[in-house]
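In full-length UniProt numbering, the protein residues as written are 1 to 310.
Everything below concerns the one structure shown next.
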Amino acid sequence: MSDAKNGPLIHPIIPHLWFDKEAKEAAEFYCSVFPDSQITSAVTLRDTPSGDPDLVSFTVWGHSFMSISAGPYFKINPSISFIVNFDPSREENAKEMIDEVWNKLSENGTVLMPIDKYPFSERYGWIQDKYGVTWQLMLTNPAGEPRPTIIPSLMFVGENCGKAEEAREFYLSVFRNTKPGSLFRYGPGLEPDKEGTVMFTDFMLENTWFAAMDSAHEHQFGFNEAVSLLVNCETQEDIDYYWDKLSAVPEAEQCGWLKDRFGVSWQISPAALNEMMAKGTQEQRNRVTQAFLKMKKFNLAELHQAFQGE
């Protein structure tokens, strides 16, 4: 396969949330919590190893998300959370909005860091909602460099602790249309966090901003399939490229899913698959589903053939 980077992806990298049975319920909840949010499609996949799961596409404050109800196999945890930036230069009532969103997410949720004033933000809090998804709400400095409203944030813990910078550089080398952002390191006296490791960094991959941090504290979790990152590709060449660059755990390769060398789960998927599932008949969707269930890396031509009934 060619190592050459092609043109930039047309679509953003999309966070994908795996639930037991709550994919649509959770999506509806997030659409009620955040502005500029809506469900864009909801389909049911038939006869899969997880039964008949719901697959939901939705936007949260203008950012694309997907969710699936596919059984109790994976549990969402704080290793991948979502930073929500309330920017007073962008939203006049940012201070009121952050408290309003916090209160809604707090319903049957768990506070990880109380909403309060911190050295890095006038108002910040970290909450795990009733579905297990974690959100870092932050009132940003209007004089700072602007960032999107929502940024997926990766926390490197356990054996991964100390690898946030390595991961950032790796992802910047793999993806196109990239941009390194800020990088702040832990100083002395912040044990157990080691001096020089990453307190916070952010970076852009394919026009999608991400953040990362190291944490040496005791955490009973790590990256898993419950929160994955979906890369929509226009061509088989793009699928091959990202698969070859990212996949590091052969036994994790299934139905377009892979794990990279840090344990982060990715889905390398043809953008055409979304169209097939959203606009096809139930019979066409069933044929496509049965075709991709047999695949590890997606074969775009075979998916088209299944859709057409060839």
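For every residue, glycine included, the Cβ atom is placed at its ideal position computed from N, Cα and C.
Residue burial classification, residue i (beta-carbon count within 10 angstroms, cutoff 16)
{"i": "residue 163", "result": "buried"}
{"i": "residue 2", "result": "Residue confidence is low: residue 2 scores 42 on pLDDT, short of 50, so the model does not pin down where it sits. Its coordinate-derived value is still stated next. So residue 2 ends up on the exposed side."}
{"i": "residue 303", "result": "buried"}
{"i": "residue 190", "result": "exposed"}
{"i": "residue 138", "result": "buried"}
{"i": "residue 115", "result": "buried"}
{"i": "residue 143", "result": "exposed"}
{"i": "residue 277", "result": "buried"}
{"i": "residue 193", "result": "buried"}
{"i": "residue 134", "result": "buried"}
Test item: CB-CB of residue i and residue j under 7 Å
{"i": "residue 266", "j": "residue 246", "result": "yes"}
{"i": "residue 156", "j": "residue 180", "result": "no"}
{"i": "residue 248", "j": "residue 260", "result": "yes"}
{"i": "residue 172", "j": "residue 80", "result": "no"}
{"i": "residue 236", "j": "residue 300", "result": "yes"}
{"i": "residue 39", "j": "residue 58", "result": "yes"}
{"i": "residue 128", "j": "residue 149", "result": "no"}
{"i": "residue 69", "j": "residue 23", "result": "yes"}
Range of the contiguous alpha helix (DSSP H) that encloses residue i
{"i": "residue 186", "result": "Taken as a continuous stretch (DSSP letters only), residue 186 belongs to no alpha helix (DSSP H), as it is neither H nor E."}
{"i": "residue 289", "result": "282-293"}
{"i": "residue 298", "result": "Where residue 298 is concerned, there is no enclosing alpha helix (DSSP H), given that its DSSP letter is neither H nor E."}
{"i": "residue 45", "result": "Careful: residue 45 lies outside any alpha helix (DSSP H) and carries neither H nor E."}
{"i": "residue 236", "result": "236-246"}
{"i": "residue 168", "result": "164-174"}
{"i": "residue 279", "result": "271-279"}
{"i": "residue 101", "result": "94-106"}
Strand pairing of residue i, partner residues [DSSP]
{"i": "residue 202", "result": "211"}
{"i": "residue 258", "result": "266"}
{"i": "residue 38", "result": "59"}
{"i": "residue 315", "result": "The requested residue 315 is not part of the displayed model; the chain covers only 1 to 310."}
{"i": "residue 151", "result": "83"}
{"i": "residue 135", "result": "82, 127"}
{"i": "residue 54", "result": "44"}
{"i": "residue 65", "result": "58"}
{"i": "residue 14", "result": "230"}
{"i": "residue 156", "result": "214"}
N- and C-terminal bounds of the beta strand (DSSP E) containing residue i
{"i": "residue 231", "result": "227-233"}
{"i": "residue 115", "result": "110-118"}
{"i": "residue 122", "result": "121-128"}
Exercise for the section: Report yes or no: do the region 222-242 and the region 16-28 share at least 3 C-beta pairs separated by less than 8 Å? Expected result: Flag = yes, the region 222-242 and the region 16-28 touch.
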